[in-house]
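**Student:** In my numbering, the protein residues as written are 1 to 292.
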Amino acid sequence: MTAYLFSLVALAMMAGITGLALNIQWGMAGLVNFGLFGFYMIGAYVCALLTTQLGWSPWLVMPVTVLLTVAVSALVCLISVRLADDYFAIVTLAFAESVKLIINNEEWLTRGSIGIPNIPRPVASDTGLLALAAIMLVVVFVAFEVIARSPLGRTARALRDDPLVAQSVGKNVLGVRLRFFALGGAALGIAGCLHAFYYRYIDPSQFSVAMTASAFMLVILAGRGSHRGVLLSSLTVVLLLEGTRFLDDYISWLAPHQLAALRLILIGLILILLLIFKPQGFSKEYRFIRNR
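1. Going by the DSSP bridge assignment, what does Ile202 pair with across the sheet?
2. Can you list, in chain order, the residues of its chain whose CB lies under 7 Å from that of Ala134, leaving out five sequence neighbours each side?
3. Taking 7 Å as the cut-off, decide whether the C-beta atoms of Met202 and Ala48 are in contact.
4. Excluding five sequence neighbours on each side, which residues of the same chain lie with their C-beta closer than 6 Å to the C-beta of Leu235?
5. By Cβ distance below 8 Å, which residues in the same chain neighbour Leu83 in space, the five residues on each side in sequence not counted?
6. Which residue's Cα is closest to the Cα of Phe246: Ala260, Val237, Ser233?
7. Comparing C-alpha positions only, which one of Leu22, Lys100, Ile119 sits nearest to Gly55?
8. Where do the ends of the alpha helix (DSSP H) carrying Ser168 lie?
9. Are the CB atoms of Ala74 and Gly35 nearer to each other than 7 Å?
10. Name the residue from Ile251, Asp126, Pro256, Val209 whose alpha carbon lies nearest to the alpha carbon of Thr2.
11. How is the alpha helix (DSSP H) around Gly19 delimited, first residue to last?
12. So, helix, strand or coil for Thr82, using DSSP?
13. Could you check whether Thr69 and Gly43 sit closer than 7 Å to each other, using their CB atoms as the reference points?
14. For Arg292, name the three-state secondary structure that DSSP assigns.
15. Are Leu20 and Val230 close, meaning C-beta to C-beta below 7 Å?
16. Can you tell me whether Val99 is helix, strand or coil according to DSSP?
17. With respect to 6 Å, is the separation between the Cβ of Ala158 and the closest non-hydrogen atom of the ligand SAH below this value?
18. Indicate the three-state DSSP secondary structure (helix, strand or coil) for Ile276 in the structure shown.
19. For Val46, which option in Ile116, Leu8, Asn33, Ile79 has the closest C-alpha, if you only look at C-alpha atoms?
20. Let's see if you can read the secondary structure: which residues bound the alpha helix (DSSP H) around Arg228?
21. Can you tell me whether DSSP reads Gly43 as helix, strand or coil?
Here's what the structure looks like:
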């Protein structure tokens, strides 16, 4: 039971960091990142390769991984940020699929579909890893909340809502979007590292566009632009996904494939009901109003 609770909390924390990453990119800056899983994958693989192949300390690997994902995110954004939203989304998805294809095929470096086992953790105990994940989640949340309440955050929301108007009053569209996409990349690098430490084994099949879909679901449930809502939605979604695994204890007459289908139907219905009764999400976006 203790191991299962550890699993639930760890998954919720990783989902929370991933949701915060997408929220600052799409929720605040309006950058539709369909390739989120690619940046997450880079974080996990860089962390795994540096620790297992080069013998680096996990404590050193984490900041290096974050810096690398920031650099890659900035490069992708710099190349494609002038595209319209839908084209930008396609470019990010193509990038992520390219990353997965390279990792799957360059077996000399990544071991391909065999995966990378025995990834060392920065701390030996499960409790220590949970504490590390909690610290990372708090750091990302506080940093993003501070940014959201800053002039830079207000500029990003203005660019998201109407980029032409914001640009007409002298706002730097390219610079702001580049910063926010890179910030999301940093959070995804952290989440990828925690993923590698948690599972201690990674392979390309663990990363797919479904991860991106889950992140969008988190942000939509949370309330677009609300970092506090992301924390609540990540816990809600993980509890839904894991709680419905126990349906066979109560509906034992259904076949396994029928239970799997029923589980997905129930999750979908619950999410639809949440969106009907809470269309604005769990928490409204922070809005700065100056008293006059």
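Using N, Cα and C, we set each Cβ at its ideal position, and we do this for glycine too.
**Tutor:** This is what the structure gives:
1. Ile116
2. Met13
3. The question names Met, but residue 202 is Ile in the sequence shown. In contact: Ile202 and Ala48 (Cβ atoms closer than 7 Å).
4. Ala12
5. Val91
6. Ala260
7. Ile119
8. 163–168
9. no
10. Asp126
11. 2–22
12. One detail in the question is off: residue 82 reads as Arg in this sequence, not Thr. Three-state result, Arg82: coil.
13. yes
14. Unreliable positioning characterises Arg292 in this predicted model, as indicated by a pLDDT of 45, which lies under 50. A coordinate reading is not provided.
15. yes
16. helix
17. The ligand SAH is not among the ligands present in this structure, which contains no ligands whatsoever.
18. helix
19. Ile116
20. 227–243
21. helix
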